[in-house]
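K.L.:
Protein chains in written order, with the numbering used here: chain E, 1 to 357; chain X, 1001 to 1401. The structure's right below; bear with me while I get my questions together.
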Amino acid sequence: MTDLLYSEEEEALRAAVRDLLADHCDAPGVIARTESDTPHHREAWKALADGMGLAGLLVPEAKGGQGATHREAAVVLEELGRAVAPVPYLTSAVVATEALLACDADDLLADLATGRRIGALAVALNIAPGTAYKVVQHEDGRLRGELTGIADAAVADVLLVPADDGGLYAVDATAATVTPQVSLDLTRPLATVTLDGAPGRLLGDAEPAVRRALLAGAGLLASEQFGLADWALTETVRYLKERKQFNRPVGGFQALKHRLAQLWLEVVNLRAAARNAADALANGEDVEVAVTVAQAFAAPVAVHAAEEALQLHGGIGMTWEHPAHLYLKRAKADSIAYGTAGAHREALAGLVDLQAP
Amino acid sequence: MTSAEQRSVTGAEELRDRTRKLLAAHPPASTDRLDFLRARFDAGLAWVHYPEGLGGVGAPRSLQAVVDAELEAAGAPDNDPRRIGIGLGMAAPTILKYGTEEQKQRFLRPLWVGEEVWCQLFSEPGAGSDLAALRTRAVREGDDWVINGQKVWTSSAHVARWAILIARTDPDVPKHRGITYFVCDMTDPGVEVRPLRQVTGEAEFNEVFLTDVRIPDSRRLGEVGDGWKVAQTTLNNERVAIGGMRLPREGGMIGPVSKTWRERPELRTHDLHQRLLKLWVEAEVARLTSERLRQQLVVGQPGPEGAGMKLAFARLNQEISGLDVELLGEEGLLYDDWTMRRPELVDFTGREAGYRYLRSKGNSIEGGTTEVLLNIVAERVLGLPAEPRTDKDVAWKDLAR
Chain E
1 MTDLLYSEEE EALRAAVRDL LADHCDAPGV IARTESDTPH HREAWKALAD
51 GMGLAGLLVP EAKGGQGATH REAAVVLEEL GRAVAPVPYL TSAVVATEAL
101 LACDADDLLA DLATGRRIGA LAVALNIAPG TAYKVVQHED GRLRGELTGI
151 ADAAVADVLL VPADDGGLYA VDATAATVTP QVSLDLTRPL ATVTLDGAPG
201 RLLGDAEPAV RRALLAGAGL LASEQFGLAD WALTETVRYL KERKQFNRPV
251 GGFQALKHRL AQLWLEVVNL RAAARNAADA LANGEDVEVA VTVAQAFAAP
301 VAVHAAEEAL QLHGGIGMTW EHPAHLYLKR AKADSIAYGT AGAHREALAG
351 LVDLQAP
Chain X
1001 MTSAEQRSVT GAEELRDRTR KLLAAHPPAS TDRLDFLRAR FDAGLAWVHY
1051 PEGLGGVGAP RSLQAVVDAE LEAAGAPDND PRRIGIGLGM AAPTILKYGT
1101 EEQKQRFLRP LWVGEEVWCQ LFSEPGAGSD LAALRTRAVR EGDDWVINGQ
1151 KVWTSSAHVA RWAILIARTD PDVPKHRGIT YFVCDMTDPG VEVRPLRQVT
1201 GEAEFNEVFL TDVRIPDSRR LGEVGDGWKV AQTTLNNERV AIGGMRLPRE
1251 GGMIGPVSKT WRERPELRTH DLHQRLLKLW VEAEVARLTS ERLRQQLVVG
1301 QPGPEGAGMK LAFARLNQEI SGLDVELLGE EGLLYDDWTM RRPELVDFTG
1351 REAGYRYLRS KGNSIEGGTT EVLLNIVAER VLGLPAEPRT DKDVAWKDLA
1401 R
């Protein structure tokens, strides 16, 4: 039986993460950071991973993790989305961790779970679960090739690289050339990974590991998108109660009230879809349908919420100073990450037997 | 386990026990249907959240499922709730909250058992979304009130024994303050019911003309002039009833069109495929949202999502049934039957696609229009300010018509 609510423990976890982000990750700081050489927020990451042990939620206790489930990780992602926090949680603590869970690599798993190291799966961020991805050449334990669109690779200590022999290899980031790409999403920047004979350690078969990693990534991304959309709605409602034009609060005009009520409805629907995906991932039941439904639904809602936030804030929403743009950029990038809504609808057609003509 | 859950488990055991005793004393196989239902009511197992003596035992509402499961397993008859939805969902909670002891004793048992059908005399031709503008008059004459006016969109009026009625008792005060709530006897000679034919061709609803109908003051619910407040209880329960159904996957309007898609590959086009998948996803997410709301109710934390569910289902029903008609191509140009009928039960997902398309148009009007519900969400859930109003402090008789 699917549990779509939050437990008391999950609410306590949310409160703790929210407090931490309020202290360490305010919007002006995030904006300033995006213009520096280090857009990632390493102190916030350290506090989340080291201080709170959240990088190991998906890893069993016997393997150095917290032995929690996707339900708790989803709550963390809701809050990270709400703060549009530039930390590699989804990429390292979810996607790379899931890939390692599918392999035999307990030492690396423990490193990621404790936050000692950051991992990145070297598959482009736009790839949907179960679809083709680019690989590098493998020859005598050495890897050669260039992979683009690798999210958070700039802060990764270890890269998980799929090769042409069907294997997934661990490559130390110091053995690779990681070049930041100018990215639409300032808070989850992409990078190019170039391998020129880098040594790789075989972890296992790439295909099942990548599929599992991307499925979990796509499913939990919906919770990040929910958090982001909920911020956009809440902040816009707050602003429109304060902002006065024509001698009235702007939020009292029916045309705007209806738009916000419609957006509220989309956001509460997204919460249910995201909770359902997290619960399915945690229980291993109906996972593919739950994830594809959540991803087919989440992207348009998060983008709509961020677009409405910008529009309804008027001129101030268009400035670099106001954080609305960070959310819009994240929402738009998220709508491509781990497969577009269209890609997920296409996958769903096969899963629920609604075949194309 | 939380303490609330523990209490519920204990309550569940007690209710299971009570239900078994009822079944033992009145075996469904050898007991007359109405006799069984009356015995169930008297045992407090009709609606367990109602008070003792009025069909309940004051238990949490969520425990009704325990009783229903026991009874269903034993093959016991139910009270055919769809036939008496207005009585169960709207009249009963209002009588419970505002009725005198005598009124509760008189009305609730035959209402629940289904011996007496109820209807609702609220909307008028000139008072739809602005219900408080209603002009049906109630004038005091001795111990009676004399009612004159016209009501509309009344389902079950032609089979109803009783109606909940709101009428204007004081035209000299602002509109919300001059309304009083009554129970109207539908067999009164001054009540005339005429079928109201709708876009589907049939007449689910009626117009009701009230001419010198006499209602004794003892059938007033709540104080004179408090009718608007009393009606809020009725209307809030209506929205709970409309949005609160539990559905399996593909359980609503998306079911028939998905079935047609699977069975009729010759109808498929790429454009329809994209639109179908998009609506399938939205229907599934709406179902999950509704399920989440239900889970919140079970743990005693109702969320504001209820206000939104009707909005979501109205739009989805309309878009999905519209796609269904289009998918059918040449067949979509036909209609199953325009004959004027008065159906006893209405199934939004029944009949053919054309009927479903036309009937679903009402989903965004009945029980609060989509436009009014959006205002309610904006003001009560999001806390946005109301539009400035010109009708709140003016006597009803001085309002523009």
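Quick reminder that beta carbons are idealized off the backbone N, C-alpha and C, glycines included. Remember, predicted model here, so these are calculated numbers, not experimental data.
#1: Name the chain X residues whose beta carbon is nearer than 7 Å to that of arginine 71 of chain E?
#2: Arginine 1194 of chain X by DSSP, collapsed to three states: which one?
#3: Counting only the same chain and skipping the five closest in sequence on each side, list residues whose C-beta sits under 8 Å from that of leucine 221 of chain E.
#4: Please classify histidine 138 of chain E: does DSSP put it in a helix, a strand, or coil?
#5: So, for proline 208 of chain E: in the same chain, excluding its five sequence neighbours on each side, which residues have a beta-carbon less than 6 Å away from its beta-carbon?
#6: Enumerate, from N- to C-terminal direction, the unbroken beta strand (DSSP E) stretches of 3 or more residues contained entirely within the segment 1123–1206 of chain X.
#7: Taking C-beta pairs closer than 7 Å, name the residues in chain E that valine 1285 of chain X reaches, listed in chain order.
#8: Mind reading off the beta-carbon distance from tryptophan 1112 of chain X to glycine 1055 of chain X? Whole number of angstroms is fine, and I expect it under 8 Å.
#9: With burial defined as no fewer than 16 other Cβ atoms inside 10 Å of the residue's Cβ, what is the status of lysine 1310 of chain X: buried or exposed?
#10: Is there a C-beta anywhere in chain X that falls below 9 Å from the one on alanine 12 of chain E?
#11: Could you please give the first and the last residue of the uninterrupted beta strand (DSSP E) stretch that includes lysine 169 of chain E?
#12: For a cutoff of 9 Å on Cβ pairs, would you count glutamate 1005 of chain X as touching chain E?
#13: CB-CB under 7 Å to alanine 74 of chain E, same chain, minus the five flanking residues each way: which ones, in chain order?
#14: Could you check whether the Cβ of arginine 243 of chain E sits closer than 9 Å to any Cβ belonging to chain X?
#15: The segment 4–38 of chain E: which residues have C-beta closer than 9 Å to a C-beta of chain X, in chain order?
#16: Thinking C-alpha only, which one of X/Glu1102, X/Ala1024, X/Gly1201 and X/Ala1132 is nearest leucine 1399 of chain X?
#17: Going along chain E, which residues have a C-beta under 7 Å from leucine 1288 of chain X?
#18: Exposed or buried, methionine 1253 of chain X, counting other C-beta atoms within 10 Å across all chains shown (16 or more means buried)?
#19: Examine chain E for any beta-carbon lying closer than 9 Å to the beta-carbon of leucine 1384 of chain X, and answer yes or no.
#20: My guess is that glycine 1303 of chain X and leucine 1293 of chain X are in contact by the Cβ rule of under 8 Å, so how many angstroms apart are they, rounded?
#21: Have a look at X/Pro1051, X/Lys1151, X/Ile1147 and X/Ile1164 and flag the residue whose alpha-carbon is nearest the alpha-carbon of glycine 1190 of chain X.
#22: List, in order along the chain, the chain E residues whose C-beta lies closer than 7 Å to that of glutamate 1278 of chain X?
#23: Could you confirm whether any beta carbon from chain E is found closer than 9 Å to the beta carbon of isoleucine 1242 of chain X?
#24: With distances taken Cα to Cα, identify the nearest neighbour of histidine 364 of chain E among E/Asp205, E/Thr174, E/Ala156 and E/Thr340.
#25: So, is phenylalanine 246 of chain E buried or exposed, given that buried needs 16 or more other C-beta atoms within 10 angstroms?
#26: Please classify alanine 22 of chain E: is it buried, with 16 or more other beta-carbons within 10 angstroms of its beta-carbon, or exposed?
#27: Any beta carbon from chain E within less than 9 Å of glutamate 1331 of chain X's own beta carbon?
#28: Between alanine 128 of chain E and isoleucine 150 of chain E, is the Cβ-Cβ spacing less than 9 Å?
#29: Measure from the alpha carbon of arginine 1275 of chain X to the alpha carbon of each residue in X/Arg1161, X/Val1257, X/Leu1384 and X/Gln1105, then state which is nearest.
#30: Put leucine 176 of chain E into one of helix, strand or coil per three-state DSSP.
#31: Between serine 195 of chain E and valine 171 of chain E, how many whole angstroms is the CB-CB distance? I'm expecting something under 8 Å.
#32: Output the distance between the C-alpha atoms of glycine 1350 of chain X and aspartate 106 of chain E, rounded to the nearest integer angstrom.
#33: Check whether the segment 1125–1142 of chain X and the segment 1356–1364 of chain X touch, using three or more Cβ-Cβ pairs below 8 Å as the test.
#34: So, under 8 Å CB-CB, valine 95 of chain E and alanine 290 of chain E are touching, yes? Tell me the CB distance rounded to an integer number of Å.
#35: Considering only residues of the segment 1339–1384 of chain X, which uninterrupted alpha helix (DSSP H) runs meet the minimum length of 4 residues and lie entirely inside it, listed in chain order?
#36: Look at the alpha carbon of alanine 1012 of chain X and the alpha carbon of threonine 97 of chain E, and state the distance between them as a whole number of angstroms.
P.N.:
Straight from the coordinates:
#1: Residues of chain X passing the Cβ test: none, with the nearest at roughly 14 Å.
#2: strand
#3: Leu77, Leu90, Gln295, Ala298, Asp334, Ala337 and Tyr338
#4: strand
#5: Ala102
#6: 1137–1141, 1144–1155, 1162–1168, 1179–1185 and 1191–1196
#7: Asn269, Ala272, Ala273, Val293 and Phe297
#8: 5 Å
#9: buried
#10: no
#11: The sequence given here places tyrosine at residue 169 of chain E; lysine does not occur at that position. Here the beta strand (DSSP E) through tyrosine 169 of chain E covers 167–172.
#12: Note that glutamate 1005 of chain X scores a pLDDT of 44, beneath 50, so its modelled location is shaky; the value from the coordinates is reported in the next line. No, glutamate 1005 of chain X lies away from the interface with chain E (no Cβ there is under 9 Å from its Cβ).
#13: Leu220, Ser223, Ala274 and Ala278
#14: no
#15: Leu4, Leu5 and Glu8
#16: X/Ala1132
#17: Leu4, Ala272, Ala273 and Asn276
#18: buried
#19: yes
#20: 6 Å
#21: X/Ile1147
#22: One point to set straight first is that residue 1278 of chain X is lysine, not glutamate, in the sequence displayed. Within chain E, the residues near lysine 1278 of chain X are Arg345.
#23: In this prediction, isoleucine 1242 of chain X has a pLDDT of 44, which is less than 50 and means its spatial position is unreliable; nothing more can be read from the coordinates.
#24: In the structure as shown, chain E starts at 1 and stops at 357, and residue 364 of chain E therefore has no counterpart that could be examined.
#25: exposed
#26: exposed
#27: no
#28: no
#29: X/Val1257
#30: Before going on, a small fix: residue 176 of chain E reads as alanine here, not leucine. Here alanine 176 of chain E sits in coil by DSSP.
#31: Checking the displayed sequence, the identity of residue 195 of chain E turns out to be leucine instead of serine. Indeed, because the Cβ distance is near 7 Å, the residues count as touching under 8 Å.
#32: 56 Å
#33: no
#34: 18 Å between Cβ atoms; not a contact.
#35: 1353–1360 and 1370–1376
#36: 43 Å
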